[in-house]
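Visitor: Under the numbering used here, the first residue of the sequence shown is numbered 244, with each subsequent residue one higher.
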Amino acid sequence: MLITENCVIESVKPHHQDDIYSLYCNQDVRAFLGGIPDKNYILSSCNSMLQSSFPNSYFYISLKNTNEFIGLVSIDEYHEQTTYELSYQFLPQYWGKGYAQEVLTAVIHYGFTSLQLSKLVAETQTVNIASCRVLEKIGMEKIQVLERFGQEQAVYQLLNTK
Numbered sequence: 244m245l246i247t248e249n250c251v252i253e254s255v256k257p258h259h260q261d262d263i264y265s266l267y268c269n270q271d272v273r274a275f276l277g278g279i280p281d282k283n284y285i286l287s288s289c290n291s292m293l294q295s296s297f298p299n300s301y302f303y304i305s306l307k308n309t310n311e312f313i314g315l316v317s318i319d320e321y322h323e324q325t326t327y328e329l330s331y332q333f334l335p336q337y338w339g340k341g342y343a344q345e346v347l348t349a350v351i352h353y354g355f356t357s358l359q360l361s362k363l364v365a366e367t368q369t370v371n372i373a374s375c376r377v378l379e380k381i382g383m384e385k386i387q388v389l390e391r392f393g394q395e396q397a398v399y400q401l402l403n404t405k
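1. Using the rule of at least 16 other Cβ atoms within 10 Å of the residue's Cβ for burial, across every protein chain shown, is Ile-263 buried or exposed?
2. May I have a chain-ordered list of the beta strand (DSSP E) segments no shorter than 3 residues that lie completely inside the stretch 298-369?
3. Given that a residue counts as buried once 16 or more other Cβ atoms are within 10 Å of its Cβ, and exposed if not, what is Glu-366?
4. What did DSSP end up calling Glu-253 once you bin it into helix, strand or coil?
5. Let me check understanding here. Comparing Cα to Cα, which of Asp-281, Leu-245, Asp-319 and Ser-317 lies closest to Lys-307?
6. In chain order, what residues of the same chain have a beta carbon less than 6 Å from the beta carbon of Asp-271, not counting five sequence neighbours either side?
7. Taking the alpha helix (DSSP H) that Gln-260 belongs to, which residues open and close that run?
8. Find the nearest neighbour of Gln-396 within the set Ser-254, Ser-300 and Phe-275, judged by alpha-carbon distance.
9. With a threshold of 6 Å on Cβ separation, who are the neighbours of Phe-312 within its own chain once the five nearest residues in sequence on each side are excluded?
10. What residue does the alpha helix (DSSP H) around Leu-286 start on, and which one ends it?
11. Quick one: is Ser-287 buried, meaning 16 or more other Cβ sit within 10 Å of its Cβ, or exposed?
12. Going by DSSP, what residue range makes up the beta strand (DSSP E) through Arg-391?
13. Just how far apart, CA to CA, sit Ile-386 and Ser-296?
14. I'd like the span of the beta strand (DSSP E) that includes Ala-397, first residue to last.
15. Tell me the residue span of the alpha helix (DSSP H) that contains Ser-296.
16. What does Leu-245 pair with, by DSSP beta-bridge criteria?
17. Assign Ile-372 to one of three DSSP states: helix, strand, or coil.
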């Protein structure tokens, strides 16, 4: 478990499934993630999070003072499976409040220190300006633009310099 100024970052547990389901069914959250997936995909994703092998890590994010669920963050194998990707989804009512930057900074530190990763990548649609800004604020650098899932994607990278 990691604790930041405002958030609790913990491993995904079975009792988090309903919150994760609601996140995956949120139209605004899924606008740049291919839309709302079907129920079987969501349940399969939850099971995969619970059964992931090291160093893949899936985190349930809640507010420290109220225990409200605000989103998910993960570090898992990237598409080509030679590096690890930082991914995140936050509920819309928590956007623009600095929580993503706060949590991602802590998770990156965890990835570089505890998992001893040499770099992390992140990928988002280029039209998702807010997500691109978050990645840049946490120090990631755009290294590539490509088409995947029928959309133009920006790939960001952060190297572990320690």
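Virtual Cβ for every residue (Gly too), placed ideally from N, Cα, C.
Guide: In brief:
1. Taking the first residue of the sequence shown as 1, we reach residue 263 at position 20. The residue is buried, with at least 16 neighbouring Cβ atoms inside 10 Å.
2. 300-306, 312-320, 327-333 and 362-368
3. Indexing the sequence shown from 1 puts residue 366 at position 123. Result: buried.
4. Against the sequence shown, residue 253 aligns to sequence position 10. Looking at Glu-253 - three-state DSSP - the assignment turns out to be strand.
5. Position 64 of the sequence shown, counting from 1, holds the residue named residue 307. It is Leu-245 whose Cα lies nearest to the Cα of Lys-307.
6. As a first step, residue 271 must be located in the sequence shown, where it is residue number 28. So the list reads Pro-335, once near-sequence residues are dropped.
7. Within the sequence shown, numbered from 1, the residue matching residue 260 stands at position 17. Unbroken alpha helix (DSSP H) run through Gln-260: 260-267.
8. The residue labelled residue 396 in the question sits at position 153 within the sequence shown. Residue Phe-275 is the option with its Cα nearest to Gln-396.
9. Locating residue 312 in the sequence shown gives position 69, counting from the first residue. Cβ within range, chain order: Asp-262 and Ser-305.
10. Walking along the sequence shown from the start, residue 286 turns up at place 43. Run containing Leu-286: 282-293, per the alpha helix (DSSP H) assignment.
11. Taking the first residue of the sequence shown as 1, we reach residue 287 at position 44. Exposed is the call here.
12. Indexing the sequence shown from 1 puts residue 391 at position 148. Per DSSP, Arg-391 belongs to the beta strand (DSSP E) from 384-391.
13. Residue numbering aside, residue 386 sits at position 143 when the sequence shown is read from its first letter. Residue numbering aside, residue 296 sits at position 53 when the sequence shown is read from its first letter. If I take the Cα positions, the gap works out to 28 Å.
14. Within the sequence shown, the letter at position 154 stands for residue 397. 394-402 is the extent of the beta strand (DSSP E) around Ala-397.
15. One-based indexing of the sequence shown puts residue 296 at position 53. Ser-296 -> no alpha helix (DSSP H), and no H or E assigned at all.
16. Counting from 1 along the sequence shown, the entry for residue 245 is found at position 2. According to DSSP, which records beta bridges pairwise, Leu-245 is partnered with Ile-252.
17. Reading the sequence shown from its first residue, position 129 is the one you call residue 372. If DSSP states are grouped into helix, strand and coil, Ile-372 belongs with the helices.
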